[in-house]
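Counting along the sequence shown from 1, when you hit position 445 you're at 445 in full-length UniProt numbering, and nothing is skipped either side.
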Amino acid sequence: MVSESPLQKSPSASESVRALLGKHPLSTTNVDRDEENRRKDPKISRACDTCKRKKIRCDGILPCSNCAKRRLHCAYDAKYGRGRPPTPPPSTAIDEHQQRPRSDNLNDLSIWQQPARVFNDVSASQVLSRPSPEIEIEGQYVDRTSGLNFLHRAWKKLLTQNDKAASYDPSDMERNQLLTSAGDRPFHVDNSVSDGFIPDAATARKLQEFYFETCVVTYRIFHRQTVEGWMEVFLKDRELGKPIAQSMDNSRTAILLTILAIATLRLEKVHGEMSTEDESLVLQRSDDLFCAGMRLTEAEMGFPRLESAQARLIQVLYLLQTARMNKGWYTFGNAFHITLSLGMHRRRDQKRNFPFTSKRQNYITSECYKRTFWVAYIIDKYLSVVFGRPRLYQDGDIDQNFPDNINDEDMTPQGPYISDDPADCYIDALIFHAKIARIIGKVSREVYSVSDLSNQDRLAAAHRSSRELHEWHASLPPHLGTVKPSTLVPSFRRQAIALQLAYSHALIHTNRPFLLTGGGSESVIECISATKASLELVNRMAGDSTLLHSFWWTHYVIFCALAVVYVWEIQRTTRPTDDIDNQSVGKMFDLAEKCHSHLKRASTGLSQNKRYSIILDELRSEAQRCRMGNLPHPHQGGRSNGENHANTDTGFPFLQDSDMFGSVSVQEDMPNILDNFLFSDWQTLDSSKSVCIA
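Here it is, written out as structure tokens:
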């Protein structure tokens, strides 16, 4: 067994280690002692990935003699936990290793082969100068030892593809922006028009109605009748030719402009698929409105108010819907700080009138405080998962109540209007979305903890969270839980589907790490069942454009579900399991292919969805590679150990062609990306869109 401990500095220490391990001294290399690394013992301190996996002696050169003899790919990409990894010296046989015969069929394979063979494209001196197995992507460092190398290939594909549909160069236009927008789609703004982009009064009222009736699902920040009053003042000023923010403050005017921007964008999307040119035209109209609102909030004077937080929060929603994730992240940071400065996270103290320290607030204002805070809380938990970054709101600092279950039309400044025949409440969905967001935050904190926890501790945390999720689902009111969504009015249907999608995603997020641990059969079944449920739901949503574009995180949920399917395919082909029957898996794969096509059809230009799709294509290729590595060779007639292949009749059709990868010599000992897959790698996968673009 190759030792990976640091090289010893004294003979006595070295002898003690050898006596403790009961091993003979490791073989030495032919290279001189490296004074820079202070090697006083020429023993090998690092084995190549293949030798390490097989637990055989390695001579530490690149390529090592074992890999050169067996014509295998030799790499030193596995995680090295003993400080800075030593650079393997080049082998004198490197030319022979590079020039070995290869099947012509391999020349046209997917790009997974090319970046992995680093030494095929660089000189020996370049290999020697390589400081570490990390890669730098647009200023961010990505660890190549985690089993997620396909993300680097996806990034390269994004930067090198010559897509005629792209209307700008991603390596130039996206990069040469302000820090808070770097990597995002540039704004389509016509600076030659002063305020001609603002719609006429009739159109503005229709867009406002469309926003409240269709665009708002669970993120109910505003009191509708109050906003409608603002709009009338705004339109009256427009009629009189006054500046757009003369009669109202900047934040309220910015809210109106962003509402118009969101409604303009969504109204075009629900009409069907758009070409890149059509998308650019729609974006120009909505971006003009949005950017006008942004300029107003940036110029806002004085102390923050409720509308200051609301304006920035609705701007975040527009940015997320247009896949401008980085700008959305920074804008949300501003909204977060404003909510804290206003004390929105604290329950109102009736005796001290805290956090309202000036004058007593009316009922509508106090409820909007709570609504705004909990919408911000929900967005924070989902942004944390999508970006793989820490959560901003800490549950221990929050004692704010949920908003009252009351619709906008039943609210008065003095208090709620109690109806004799109360209808179902639109605020229920906001409350239950906040509750499940709290569970998701708990999962991220406990199951994905950066602390050195055992798998058993993480599994126990996952089981607790799964029980909480089941209890949450059982507590849903009938119109959000048990009633079939297709029988509901459109507004409640969208809410019910949003919560179903959130529930399935939460179960996936909770249980997916245990697909690879060899234990937690209950968690595996839970994860696969939730994945199948989410794919079925998305497949039904694809037929209704108003549903597919209702939630900014729909495509992220598709991404998570498809990633589980592909990782599960790799797991089944490399480590067969009987947890899920083949028929169920086959149906899930069919659903995965359909949802993958839905995601691709929703991708135009270099949008966020296209990044999802390209990354999934690379993960799909990894599944293909591992599948081919486990297929019996035609001349072998089966596996040498007599083990039957578990997946010959299920899985992806493109995985059935055993001739795609040429001779069996190329298939031998093909490394499995899951061998070094860590709990944190799931979060890296979640955040891979921002890594690829930021």
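Here a beta-carbon is modelled for each residue, glycine too, at the ideal position from N, C-alpha and C. Remember, it's a predicted structure, so these values are computed and weren't measured experimentally.
For this session: Output the distance between the C-alpha atoms of Leu306 and Leu342, rounded to the nearest integer angstrom.
Result: For the purposes of this step, residue 306 is taken as residue 306 along the sequence shown, with counting starting at 1. For the purposes of this step, residue 342 is taken as residue 342 along the sequence shown, with counting starting at 1. Computed Cα separation, rounded: 8 Å.
Problem set entry | Through-space distance from Lys242 to Met248, alpha-carbon basis | The residue labelled residue 248 in the question sits at position 248 within the sequence shown. The residue labelled residue 242 in the question sits at position 242 within the sequence shown. Whole-angstrom Cα-Cα distance: 11 Å.
Exercise. Whose C-alpha, out of Ser366, Ser444, Gln400, is nearest the C-alpha of Gly383?
Worked result: To locate residue 383, count along the sequence shown from 1; it is residue 383. Per the sequence presented here, residue 383 reads as Leu, with Gly not at that position. Looking at the Cα atoms, Ser444 is the closest of the given residues.
For this session: Look at the Cβ atom of Asn401, then the Cβ atom of Gly183, and state whether they are nearer than 7 Å.
Result: To locate residue 401, count along the sequence shown from 1; it is residue 401. To locate residue 183, count along the sequence shown from 1; it is residue 183. Note that the C-beta distance between Asn401 and Gly183 is not below 7 Å.
Exercise. Count the other CB atoms within 10 Å of the CB of Phe387; is the residue buried (16 or more) or exposed (fewer)?
Worked result: Here residue 387 corresponds to residue number 387 of the sequence shown, with the count starting at 1. Within 10 angstroms of the beta-carbon of Phe387 lie 16 or more other beta-carbons, which makes it buried.
Problem set entry | For Pro416: DSSP bridge partner residues | On the sequence shown, residue 416 is found 416 positions in, with the first residue counted as 1. DSSP lists Met411 as partners of Pro416.
For this session: Write down the C-beta distance between Thr331 and Gln315 rounded to the nearest angstrom, noting that I regard them as a contact closer than 8 Å.
Result: Within the sequence shown, residue 331 is the residue found at index 331, counting from 1. Within the sequence shown, residue 315 is the residue found at index 315, counting from 1. About 6 Å; that satisfies the 8 Å criterion.
Exercise. Using a Cβ-Cβ cut-off of 6 Å (strictly less than) and excluding sequence neighbours within five positions of Gln321, which residues of its own chain qualify?
Worked result: Here the question's residue 321 lines up with position 321 in the sequence shown. Excluding residues within five positions, the ones whose Cβ falls inside 6 Å are Trp552.
Exercise. Helix or strand or just coil, what does DSSP make of Pro170?
Worked result: The residue labelled residue 170 in the question sits at position 170 within the sequence shown. Because Pro170 sits at a pLDDT of 49, beneath the cut-off of 50, its placement in the model cannot be relied upon, and the point is left open.
For this session: Compute the beta-carbon to beta-carbon distance between Asn511 and Ala462, rounded to the nearest angstrom, for a pair I have assumed lies under 8 Å.
Result: The sequence position of residue 511 within the sequence shown is 511, counting from 1. The sequence position of residue 462 within the sequence shown is 462, counting from 1. With a Cβ gap of about 6 Å, Asn511 and Ala462 count as contacting.
Exercise. Does the stretch 396–412 come within contact of the stretch 363–377, defined as at least 3 CB pairs closer than 8 Å?
Worked result: They touch, by the three-pair rule.
For this session: Round the Cβ separation of Leu317 and Tyr426 to the nearest angstrom and send it over; I've been treating them as touching at under 8 Å.
Result: The residue labelled residue 317 in the question sits at position 317 within the sequence shown. The residue labelled residue 426 in the question sits at position 426 within the sequence shown. The pair is not a contact, with the Cβ atoms about 17 Å apart (cut-off 8 Å).
Exercise. Among residues of its own chain, excluding the 5 on either side of Ala533, which ones have a beta-carbon nearer than 7 Å to its beta-carbon?
Worked result: Within the sequence shown, the letter at position 533 stands for residue 533. Only Ser504 meet the Cβ criterion.
Exercise. What are the uninterrupted segments assigned as alpha helix (DSSP H) that are 4 or more residues long and contained completely in the stretch 533–593, given in chain order?
Worked result: Restricting attention to alpha helix (DSSP H) runs no shorter than 4 residues, the stretch 533–593 encloses them at 545–548, 554–574, ordered along the chain.
For this session: From the DSSP output, in three-state form, read off Lys381 for me.
Result: The residue labelled residue 381 in the question sits at position 381 within the sequence shown. In the three-state reduction of the DSSP assignment, Lys381 falls in the helix class, which pools H, G and I.
For this session: Have a look at Lys442 and Ser465 and give me their C-alpha separation to the nearest angstrom.
Result: Position 442 of the sequence shown, counting from 1, holds the residue named residue 442. Position 465 of the sequence shown, counting from 1, holds the residue named residue 465. One alpha carbon belongs to Lys442, the other to Ser465, and they sit about 8 Å apart.
Exercise. Hey, how far is the Cα of His337 from the Cα of Thr372?
Worked result: Here the question's residue 337 lines up with position 337 in the sequence shown. Here the question's residue 372 lines up with position 372 in the sequence shown. So the two alpha carbons sit approximately 13 Å from each other.
Exercise. Between the C-alpha atoms of Pro416 and Arg224, what's the straight-line distance to the nearest angstrom?
Worked result: Counting from one through the sequence shown, the residue named residue 416 turns up at place 416. Counting from one through the sequence shown, the residue named residue 224 turns up at place 224. C-alpha of Pro416 to C-alpha of Arg224: approximately 15 Å in a straight line.
For this session: Determine the extent of the alpha helix (DSSP H) in which Val233 is found, giving its start and end residues.
Result: In the sequence shown, residue 233 corresponds to position 233, counting from 1. Here the alpha helix (DSSP H) through Val233 covers 224–239.
Problem set entry | Distance between beta carbons of Glu300 and Asn334, contact taken as under 8 Å | On the sequence shown, position 334 is the one that residue 334 refers to. On the sequence shown, position 300 is the one that residue 300 refers to. A Cβ-Cβ distance of about 11 Å is found for the pair Asn334 and Glu300, leaving them out of contact under the 8 Å criterion.
Exercise. Are the CB atoms of Ile558 and Cys595 nearer to each other than 7 Å?
Worked result: Counting from 1 along the sequence shown, the entry for residue 558 is found at position 558. Counting from 1 along the sequence shown, the entry for residue 595 is found at position 595. Taking 7 Å as the cut-off, the Cβ atoms of Ile558 and Cys595 count as close.
For this session: Identify the continuous alpha helix (DSSP H) that holds Gly333 and give its terminal residues.
Result: As a first step, residue 333 is located in the sequence shown; it is residue number 333 there, counting from the start. First-last of the alpha helix (DSSP H) with Gly333: 325–341.
For this session: Determine the contact status of Leu516 and Val524, defining contact as a CB-CB distance below 7 Å.
Result: Within the sequence shown, numbered from 1, the residue matching residue 516 stands at position 516. Within the sequence shown, numbered from 1, the residue matching residue 524 stands at position 524. The answer is no: Cβ separation not under 7 Å.
Problem set entry | Rounded separation between Lys269 and Gln208 - CA only | Residue 269 sits at position 269 when you count from the first residue of the sequence shown. Residue 208 sits at position 208 when you count from the first residue of the sequence shown. Near 16 Å, if we compare the C-alpha coordinates of Gln208 and Lys269.
Exercise. Taking the continuous alpha helix (DSSP H) assigned at Ser465, which residues delimit it?
Worked result: What you label residue 465 is simply residue 465 of the sequence shown in a count that begins at 1. Segment 455–474, the alpha helix (DSSP H) holding Ser465.
Exercise. How would you write the range of the alpha helix (DSSP H) that Pro490 sits in, first residue to last?
Worked result: Here residue 490 refers to the residue found at position 490 of the sequence shown. Start and end: 490–511.
Problem set entry | Euclidean distance between Cα positions of His188 and Thr264 | The sequence position of residue 188 within the sequence shown is 188, counting from 1. The sequence position of residue 264 within the sequence shown is 264, counting from 1. Roughly 14 Å separates the two Cα atoms.
For this session: Buried or exposed for Gln456, please, with buried defined as at least 16 other CB atoms from any protein chain shown within 10 angstroms of its CB.
Result: Counted from its first residue, the sequence shown places residue 456 at position 456. Exposed, by the Cβ-count rule.
For this session: Taking 7 Å as the cut-off, decide whether the C-beta atoms of Leu289 and Leu267 are in contact.
Result: The count along the sequence shown starts at 1 and reaches residue 289 at position 289. The count along the sequence shown starts at 1 and reaches residue 267 at position 267. Taking a C-beta distance under 7 Å as the contact criterion, Leu289 and Leu267 do not qualify as a contact pair.
Exercise. In angstroms, rounded to a whole number, what distance separates the CA positions of Val483 and Trp374?
Worked result: Along the sequence shown, read from residue 1 onward, the residue named residue 483 stands at position 483. Along the sequence shown, read from residue 1 onward, the residue named residue 374 stands at position 374. The alpha-carbon atoms of Val483 and Trp374 are separated by roughly 26 Å.
Problem set entry | Cα-Cα separation, Cys560 to Ile508 | As a first step, residue 560 must be located in the sequence shown, where it is residue number 560. As a first step, residue 508 must be located in the sequence shown, where it is residue number 508. The alpha-carbon atoms of Cys560 and Ile508 are separated by roughly 8 Å.
Exercise. What does a CB cutoff of less than 6 Å around Glu468 pick up in its chain, not counting 5 residues either side in sequence?
Worked result: Taking the first residue of the sequence shown as position 1, residue 468 is located at position 468. Taking C-beta separations shorter than 6 Å and ignoring five residues to either side along the sequence, the partners of Glu468 in its chain run Ile439, following chain order.
Problem set entry | Contacts around Ala623, its chain only, beta-carbon distance under 6 Å, and the 5 residues preceding and following it disregarded | In the sequence shown, counting from the first residue as 1, residue 623 sits at position 623. Cβ neighbours of Ala623 beyond the five flanking positions: Tyr566, Glu569, Ile570.
Problem set entry | Within 7 Å, strictly: CB atoms of Leu501 and Leu591 | Along the sequence shown, read from residue 1 onward, the residue named residue 501 stands at position 501. Along the sequence shown, read from residue 1 onward, the residue named residue 591 stands at position 591. Result no, Cβ atoms of Leu501 and Leu591 do not sit closer than 7 Å.
For this session: Answer with yes or no whether the minimum CB distance from Val217 to chain B is below 7 Å.
Result: Among the chains in the structure shown there is no chain B, since it carries only a single protein chain.
Exercise. How is the alpha helix (DSSP H) around Leu317 delimited, first residue to last?
Worked result: Counted from its first residue, the sequence shown places residue 317 at position 317. Leu317: member of the alpha helix (DSSP H) spanning 306–321, first to last residue.
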